[in-house]
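In my numbering, each residue carries its 1-based index in the sequence shown increased by 215.
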Amino acid sequence: MIAKQTQGLGSIAQARQTLCSNTTDINFAAKLWQVFRAVICGALDGLKAILGDAVTVVMDAIDVHIECLFVQVLQLDARTLRLEALEINDE
Numbered sequence: 216m217i218a219k220q221t222q223g224l225g226s227i228a229q230a231r232q233t234l235c236s237n238t239t240d241i242n243f244a245a246k247l248w249q250v251f252r253a254v255i256c257g258a259l260d261g262l263k264a265i266l267g268d269a270v271t272v273v274m275d276a277i278d279v280h281i282e283c284l285f286v287q288v289l290q291l292d293a294r295t296l297r298l299e300a301l302e303i304n305d306e
């Protein structure tokens, strides 16, 4: 009943399926990022002789951007949480 009211879902089973699907997708994305990160690190290590300490700065910047992306995907950023709270209050 709550799932239907708050999410527009027809049943608890449908709500559970949606949640599990989203969790699986996010888990896969996190694992895939680790693979991409290893490839990027390997490529940057090959450039360390040319770039020096800039390699670390570049990798740190990439990590920060990816972390922000995951926060947005999980909708944990302050803006999205505020918007969701407003939507719930409007209902």
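Quick reminder that beta carbons are idealized off the backbone N, C-alpha and C, glycines included.
The alpha helix (DSSP H) that contains residue i, what's its start and end?
{"i": "Gln-290", "result": "No alpha helix (DSSP H) holds Gln-290; DSSP gives it neither H nor E."}
Helix, strand or coil, according to DSSP, for residue i in the structure here?
{"i": "Asp-268", "result": "coil"}
{"i": "Leu-262", "result": "coil"}
{"i": "Leu-298", "result": "helix"}
Please work out which residues of its chain come closer than 8 Å, Cβ to Cβ, to residue i, disregarding the five sequence neighbours upstream and downstream, and give them in chain order.
{"i": "Val-270", "result": "Leu-259, Asp-260, Leu-262, Lys-263"}
{"i": "Asp-268", "result": "none"}
{"i": "Lys-246", "result": "none"}
Check the C-beta distance from residue i over to residue j and give it rounded, since I have them as a contact under 8 Å.
{"i": "Ile-241", "j": "Leu-289", "result": "7 Å"}
Could you check which residue in the options has the C-alpha nearest to that of residue i?
{"i": "Phe-251", "options": "Thr-239, Gln-287, Met-274, Thr-238", "result": "Met-274"}
{"i": "Thr-238", "options": "Ile-281, Phe-285, Gln-249", "result": "Phe-285"}
Go through its chain and collect everything with a Cβ distance to residue i's Cβ below 7 Å, but skip five positions before and after it.
{"i": "Trp-248", "result": "Ile-281"}
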